[in-house]
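Colleague: In my numbering, the protein residues as written are 739 to 916. A virtual CB, placed ideally from N, CA and C, is assigned to each residue, including glycine. Fair warning: this is a prediction, and the values are worked out from it, not measured in the lab.
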(Lines of atoms letter the chains of each structure in order from A; the text may use other names.)
(Lines give C-alpha, C1' and ligand atoms only; values in the text may rest on other atoms or scores of the structure.)
Protein backbone atom coordinates (compact mmCIF):
# COMPACT_ATOMS: atom_id res chain seq x y z
CA UNK A 739 0.00 0.00 0.00
CA UNK A 740 2.70 2.61 0.84
CA UNK A 741 4.41 2.08 -2.52
CA UNK A 742 1.11 2.81 -4.27
CA UNK A 743 0.76 6.08 -2.31
CA UNK A 744 4.36 6.99 -3.18
CA UNK A 745 3.68 6.52 -6.90
CA UNK A 746 0.47 8.56 -6.70
CA UNK A 747 2.24 11.42 -4.90
CA UNK A 748 5.22 11.26 -7.27
CA UNK A 749 2.87 11.51 -10.27
CA UNK A 750 1.05 14.47 -8.73
CA UNK A 751 4.31 16.30 -8.03
CA UNK A 752 5.55 15.70 -11.58
CA UNK A 753 2.23 16.95 -12.98
CA UNK A 754 2.63 20.14 -10.94
CA UNK A 755 6.12 20.62 -12.39
CA UNK A 756 7.97 19.94 -9.13
CA UNK A 757 11.59 19.02 -9.78
CA UNK A 758 13.17 16.19 -7.85
CA UNK A 759 15.43 13.18 -8.00
CA UNK A 760 12.52 10.91 -8.85
CA UNK A 761 14.75 7.89 -9.49
CA UNK A 762 16.35 8.10 -6.01
CA UNK A 763 13.66 9.43 -3.67
CA UNK A 764 13.96 9.74 0.10
CA UNK A 765 11.65 7.01 1.41
CA UNK A 766 11.24 6.64 5.16
CA UNK A 767 10.35 2.96 4.61
CA UNK A 768 13.73 2.19 2.97
CA UNK A 769 15.85 0.04 5.30
CA UNK A 770 18.80 2.48 5.27
CA UNK A 771 16.57 5.36 6.33
CA UNK A 772 14.70 3.19 8.85
CA UNK A 773 18.03 2.29 10.51
CA UNK A 774 19.05 5.97 10.61
CA UNK A 775 15.69 6.86 12.14
CA UNK A 776 15.97 4.13 14.81
CA UNK A 777 19.52 5.26 15.70
CA UNK A 778 18.38 8.88 15.96
CA UNK A 779 15.34 7.92 18.02
CA UNK A 780 17.62 5.92 20.34
CA UNK A 781 19.73 9.03 20.95
CA UNK A 782 16.62 11.12 21.64
CA UNK A 783 15.25 8.50 24.09
CA UNK A 784 18.60 8.13 25.87
CA UNK A 785 18.62 11.89 26.52
CA UNK A 786 15.15 11.69 28.11
CA UNK A 787 13.28 13.70 25.49
CA UNK A 788 10.56 11.09 24.84
CA UNK A 789 7.52 10.35 27.01
CA UNK A 790 5.35 7.26 26.59
CA UNK A 791 1.64 7.96 26.01
CA UNK A 792 -1.34 7.16 23.83
CA UNK A 793 -2.21 8.99 20.65
CA UNK A 794 -4.58 7.93 17.90
CA UNK A 795 -3.49 7.46 14.32
CA UNK A 796 -6.24 8.88 12.12
CA UNK A 797 -6.79 6.81 9.00
CA UNK A 798 -8.43 7.59 5.67
CA UNK A 799 -10.52 4.59 4.66
CA UNK A 800 -10.88 5.92 1.09
CA UNK A 801 -7.19 6.18 0.22
CA UNK A 802 -5.88 3.74 2.83
CA UNK A 803 -3.28 5.99 4.43
CA UNK A 804 -2.69 7.87 7.67
CA UNK A 805 -3.95 11.44 7.84
CA UNK A 806 -1.75 14.36 8.81
CA UNK A 807 -2.92 16.40 11.80
CA UNK A 808 -3.71 19.31 9.49
CA UNK A 809 -6.12 17.04 7.62
CA UNK A 810 -7.88 16.05 10.85
CA UNK A 811 -8.03 19.38 12.65
CA UNK A 812 -10.76 21.48 11.13
CA UNK A 813 -12.11 24.70 12.44
CA UNK A 814 -14.95 26.64 10.88
CA UNK A 815 -13.76 30.11 10.05
CA UNK A 816 -14.73 33.02 7.89
CA UNK A 817 -12.22 33.63 5.12
CA UNK A 818 -11.89 36.68 2.92
CA UNK A 819 -13.34 35.94 -0.48
CA UNK A 820 -13.79 37.84 -3.70
CA UNK A 821 -15.57 37.44 -6.99
CA UNK A 822 -13.59 38.58 -9.99
CA UNK A 823 -13.42 38.07 -13.72
CA UNK A 824 -10.70 36.91 -16.05
CA UNK A 825 -11.01 39.01 -19.23
CA UNK A 826 -11.46 37.03 -22.42
CA UNK A 827 -11.21 38.54 -25.88
CA UNK A 828 -14.38 38.90 -27.93
CA UNK A 829 -13.01 36.92 -30.89
CA UNK A 830 -12.57 33.89 -28.64
CA UNK A 831 -16.06 34.36 -27.19
CA UNK A 832 -17.50 34.60 -30.72
CA UNK A 833 -15.78 31.32 -31.60
CA UNK A 834 -17.15 29.60 -28.50
CA UNK A 835 -20.73 30.87 -28.62
CA UNK A 836 -21.12 31.58 -32.35
CA UNK A 837 -22.15 35.22 -31.84
CA UNK A 838 -20.44 38.58 -32.23
CA UNK A 839 -19.97 40.69 -29.10
CA UNK A 840 -19.18 44.34 -28.49
CA UNK A 841 -19.36 44.16 -24.71
CA UNK A 842 -16.42 43.22 -22.48
CA UNK A 843 -16.53 39.54 -21.50
CA UNK A 844 -15.08 37.92 -18.38
CA UNK A 845 -14.91 34.37 -17.09
CA UNK A 846 -16.38 34.60 -13.58
CA UNK A 847 -14.24 33.26 -10.76
CA UNK A 848 -14.29 33.21 -6.96
CA UNK A 849 -11.57 32.63 -4.40
CA UNK A 850 -10.90 32.64 -0.67
CA UNK A 851 -7.24 33.47 -1.34
CA UNK A 852 -7.45 36.83 -3.11
CA UNK A 853 -3.73 37.53 -2.60
CA UNK A 854 -2.95 34.74 -5.10
CA UNK A 855 -4.89 36.29 -7.99
CA UNK A 856 -2.02 38.45 -9.32
CA UNK A 857 0.01 35.26 -9.78
CA UNK A 858 -2.68 33.47 -11.80
CA UNK A 859 -1.45 32.44 -15.23
CA UNK A 860 -4.20 30.05 -16.29
CA UNK A 861 -7.86 29.29 -15.85
CA UNK A 862 -9.44 25.88 -15.86
CA UNK A 863 -12.92 24.75 -16.85
CA UNK A 864 -14.45 21.30 -16.54
CA UNK A 865 -14.92 19.78 -19.99
CA UNK A 866 -18.20 18.11 -18.97
CA UNK A 867 -19.84 21.06 -17.18
CA UNK A 868 -22.29 23.42 -18.86
CA UNK A 869 -21.34 27.11 -18.98
CA UNK A 870 -23.54 30.11 -19.79
CA UNK A 871 -22.76 33.44 -21.39
CA UNK A 872 -24.71 35.96 -19.33
CA UNK A 873 -25.17 39.63 -20.20
CA UNK A 874 -25.36 41.71 -17.02
CA UNK A 875 -25.82 45.31 -16.02
CA UNK A 876 -24.10 46.40 -12.82
CA UNK A 877 -23.51 49.96 -11.68
CA UNK A 878 -24.86 51.18 -15.06
CA UNK A 879 -22.23 49.16 -16.93
CA UNK A 880 -23.04 46.38 -19.39
CA UNK A 881 -20.74 43.39 -19.76
CA UNK A 882 -20.91 39.61 -20.13
CA UNK A 883 -19.85 36.82 -17.80
CA UNK A 884 -19.14 33.19 -18.56
CA UNK A 885 -20.44 31.28 -15.54
CA UNK A 886 -20.97 27.60 -14.75
CA UNK A 887 -24.65 26.94 -15.47
CA UNK A 888 -25.34 25.60 -11.97
CA UNK A 889 -23.71 28.70 -10.43
CA UNK A 890 -25.40 31.47 -12.45
CA UNK A 891 -28.11 32.32 -9.93
CA UNK A 892 -25.84 32.20 -6.86
CA UNK A 893 -23.08 34.20 -8.59
CA UNK A 894 -25.41 36.95 -9.81
CA UNK A 895 -27.00 37.18 -6.37
CA UNK A 896 -23.60 37.34 -4.64
CA UNK A 897 -22.36 40.15 -6.90
CA UNK A 898 -25.74 41.90 -6.61
CA UNK A 899 -26.74 41.88 -10.27
CA UNK A 900 -30.45 42.52 -10.79
CA UNK A 901 -30.57 42.77 -14.59
CA UNK A 902 -29.23 39.83 -16.60
CA UNK A 903 -29.95 37.75 -19.68
CA UNK A 904 -28.52 34.39 -20.75
CA UNK A 905 -27.21 34.76 -24.30
CA UNK A 906 -25.92 31.24 -24.86
CA UNK A 907 -24.50 28.09 -23.34
CA UNK A 908 -21.94 25.41 -24.14
CA UNK A 909 -19.98 22.54 -22.65
CA UNK A 910 -16.64 23.28 -21.04
CA UNK A 911 -14.85 21.22 -23.71
CA UNK A 912 -15.80 23.89 -26.26
CA UNK A 913 -14.22 26.58 -24.08
CA UNK A 914 -11.11 24.47 -23.53
CA UNK A 915 -10.50 24.21 -27.28
CA UNK A 916 -9.98 27.98 -27.59
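I'd like to check one pair, residue 908 with residue 890: are the Cβ atoms closer than 7 Å?
Modeller: If you check the CB distance, residue 890 and residue 908 do not come in under 7 Å.
Colleague: So if DSSP puts residue 849 in a beta bridge, which residue, or which two residues, is it bridged to?
Modeller: 820
Colleague: Return the first residue and the last residue of the beta strand (DSSP E) that residue 871 is part of.
Modeller: 868-876
Colleague: So, helix, strand or coil for residue 880, using DSSP?
Modeller: strand
Colleague: Just to check my reading of the structure: residue 770 and residue 834 have Cβ atoms closer than 8 Å, yes? What is that Cβ distance to the nearest angstrom?
Modeller: About 55 Å separates the two Cβ atoms, so there is no contact after all.
Colleague: Give a yes or no on contact between the region 839-847 and the region 785-804, applying the rule of three or more CB pairs nearer than 8 Å.
Modeller: Too few Cβ pairs lie closer than 8 Å, so no.
Colleague: Going by beta carbon distance, what residues of the same chain come within less than 8 Å of residue 849, once the five residues before and after it are set aside?
Modeller: 819, 820, 822, 855
Colleague: Please name the residue or residues paired with residue 843 in a DSSP beta bridge.
Modeller: 826, 882
Colleague: Nearest to residue 882 by CA position, among 757, 798, 904, 777, is which residue?
Modeller: Looking at the Cα atoms, 904 is the closest of the given residues.
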